[in-house]
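To convert a position in the sequence shown, counted from 1, into our numbering, add 136.
We put the CB at the ideal spot given by N, CA and C, even for glycine.
Read the structure below first, then the notes.
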Amino acid sequence: NPEGQEVFRKLAATAGLVLESFPAGYLPELGLGYESLSADNPGLIMCSVTPFGQDGPWRDYQTSDLLHLAAGGQMASSGYDVEDVPDAPPIAPGGGNAWHIASHYSYIAIMGALYHRDFTGEGQYIDVSAHEACSLTTEGAIAIYLSTGEVVRRHTGRHASADMSPGIQHATNDGGFINTTRSGSNLTPARVKILATWMDEHGLAQDLLDEKYQDPAVVEESGQHFADVLKNFFANMPLVEAYEGGQELNFPWGAIRTMGEIVGDPHLEDREFFVPVEHPELGREFTYPGPAAIYNSSPWRISRRAPLIGEHNEEILGGELGLSKSGLEALKKSGAI
């Protein structure tokens, strides 16, 4: 719609940032690419987020979050090891991770461009590829391959690595699961003694009180044995006792919790993490997750529910561009807005 294009151009002329996710090349075809828009606004920052970027042989390929996780390397490192599930296929993380990854790198790039503009007054164009963002976020998989030629293997419930590693997730006797860290908690001889003393109170220390475990070399090569002893230990106690008991001894263990348990988390409640948000159109209030950090002088807040489509047309197009109500109505009838 030519009228809609003109409205967009006028908005971009006074904007500090344009963030868009149209197919690669779409806006330049309409005469609304960065070169055209920045001619009227040299300080403009424009960030385009697309599946594969604005050029390259895959530029026009169709994709999805799942395909990005496959092509970007995440799925190759995620899933069950063959000892647990023979011939297990790769498993994709859930929750739109590929687009979250691309969005995080977009944010970082935009902040860098804003910083550059503060010093130079110059805007710039940012071409974000979700595929490249995912390929940059494979933990150590790509770095290991580039340096050693080894392909990391999938490990059930733990980090992928080139070598087999001990299990770190263990079932408790009430149906829960506890997550430890590699080698039981990065154990040292002193920590083995602390752990073994606690386990011995339950009659489940097995041989961990043996003096041989005061030798760092023995501890280093006994990771799988520690994992086996811990597995039996946790199988004989409830989750809360295992989690809280370990934390009291400064072991970095964590309970694997359901969403219902997280919503009722007393720690999050104490920090007022969950916030109520009013939705007037529905006549009710909803609970939203809150901030990941607390600011002491500029508090984070959700001031209102997300805007409805076109809700602020009059405020923005009328207030900033000076369009009249009749002009807005004409744009609406033409399908421009």
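Distance CB(residue i)-CB(residue j) smaller than 8 angstroms
{"i": "residue 267", "j": "residue 207", "result": "yes"}
{"i": "residue 181", "j": "residue 277", "result": "no"}
{"i": "residue 263", "j": "residue 184", "result": "yes"}
{"i": "residue 340", "j": "residue 368", "result": "yes"}
{"i": "residue 177", "j": "residue 160", "result": "no"}
{"i": "residue 370", "j": "residue 317", "result": "no"}
{"i": "residue 140", "j": "residue 259", "result": "no"}
{"i": "residue 441", "j": "residue 414", "result": "yes"}
{"i": "residue 330", "j": "residue 385", "result": "yes"}
{"i": "residue 351", "j": "residue 325", "result": "yes"}
{"i": "residue 166", "j": "residue 148", "result": "no"}
{"i": "residue 467", "j": "residue 450", "result": "no"}
{"i": "residue 390", "j": "residue 379", "result": "yes"}
{"i": "residue 365", "j": "residue 342", "result": "yes"}
{"i": "residue 423", "j": "residue 409", "result": "no"}
{"i": "residue 473", "j": "residue 446", "result": "yes"}
{"i": "residue 303", "j": "residue 363", "result": "yes"}
{"i": "residue 168", "j": "residue 145", "result": "yes"}
{"i": "residue 269", "j": "residue 251", "result": "no"}
{"i": "residue 372", "j": "residue 338", "result": "yes"}
Top-ranked residue by Cα proximity to residue i, from the options
{"i": "residue 243", "options": "154, 284, 429 and 343", "result": "154"}
{"i": "residue 189", "options": "459, 146, 325 and 156", "result": "156"}
{"i": "residue 298", "options": "212, 393, 337 and 171", "result": "212"}
{"i": "residue 305", "options": "392, 279 and 158", "result": "392"}
{"i": "residue 333", "options": "360, 296, 294 and 381", "result": "381"}
{"i": "residue 412", "options": "404, 419 and 425", "result": "425"}
{"i": "residue 228", "options": "173, 284 and 210", "result": "210"}
{"i": "residue 220", "options": "448, 343, 293 and 428", "result": "293"}
{"i": "residue 443", "options": "432, 458, 431 and 416", "result": "416"}
{"i": "residue 431", "options": "279, 372, 214 and 407", "result": "407"}
{"i": "residue 360", "options": "312, 323 and 283", "result": "323"}
{"i": "residue 230", "options": "376, 280, 372 and 203", "result": "203"}
{"i": "residue 246", "options": "175, 462 and 261", "result": "261"}
{"i": "residue 186", "options": "199, 137 and 265", "result": "265"}
{"i": "residue 200", "options": "235, 404 and 137", "result": "235"}
Residue i, buried or exposed, once every other Cβ within 10 Å from all chains shown has been counted against 16
{"i": "residue 218", "result": "exposed"}
{"i": "residue 319", "result": "In this prediction, residue 319 scores a pLDDT of 49, lower than 50, which makes its location untrustworthy; the coordinate-derived value is nonetheless stated afterwards. Buried is the call here."}
{"i": "residue 394", "result": "exposed"}
{"i": "residue 233", "result": "buried"}
{"i": "residue 335", "result": "buried"}
{"i": "residue 470", "result": "exposed"}
{"i": "residue 237", "result": "buried"}
{"i": "residue 287", "result": "exposed"}
{"i": "residue 453", "result": "buried"}
{"i": "residue 215", "result": "buried"}
{"i": "residue 498", "result": "Because the chain here runs from 137 to 473, residue 498 falls outside it and cannot be looked at."}
{"i": "residue 273", "result": "buried"}
{"i": "residue 197", "result": "exposed"}
{"i": "residue 312", "result": "buried"}
Residues bridged to residue i (per DSSP)
{"i": "residue 182", "result": "154 and 261"}
{"i": "residue 289", "result": "297"}
{"i": "residue 315", "result": "305 and 390"}
{"i": "residue 412", "result": "423"}
Minimum Cβ-Cβ distance from residue i to chain C less than 8 angstroms
{"i": "residue 440", "result": "Protein chain content of the structure displayed is limited to a single chain, and chain C is not contained in it."}
First through last residue of the alpha helix (DSSP H) which encompasses residue i
{"i": "residue 243", "result": "233 to 256"}
{"i": "residue 395", "result": "395 to 399"}
{"i": "residue 281", "result": "277 to 284"}
{"i": "residue 333", "result": "325 to 337"}
{"i": "residue 448", "result": "Where residue 448 is concerned, there is no enclosing alpha helix (DSSP H), given that its DSSP letter is neither H nor E."}
{"i": "residue 205", "result": "201 to 207"}
{"i": "residue 212", "result": "Counting along the chain, residue 212 falls outside any alpha helix (DSSP H), and DSSP gives it neither H nor E."}
{"i": "residue 379", "result": "375 to 384"}
{"i": "residue 197", "result": "Element bounds for residue 197: n/a, residue is neither H nor E."}
{"i": "residue 362", "result": "359 to 370"}
{"i": "residue 355", "result": "352 to 356"}
{"i": "residue 310", "result": "Residue 310 -> no alpha helix (DSSP H), and no H or E assigned at all."}
{"i": "residue 164", "result": "162 to 165"}
{"i": "residue 469", "result": "461 to 470"}
{"i": "residue 170", "result": "170 to 176"}
{"i": "residue 341", "result": "No alpha helix (DSSP H) holds residue 341; DSSP gives it neither H nor E."}
Proximity test, residue i beta-carbon vs the ligand COA heavy atom, cut-off 7 angstroms
{"i": "residue 358", "result": "This structure does not include the ligand COA; it has no bound ligands of any sort."}
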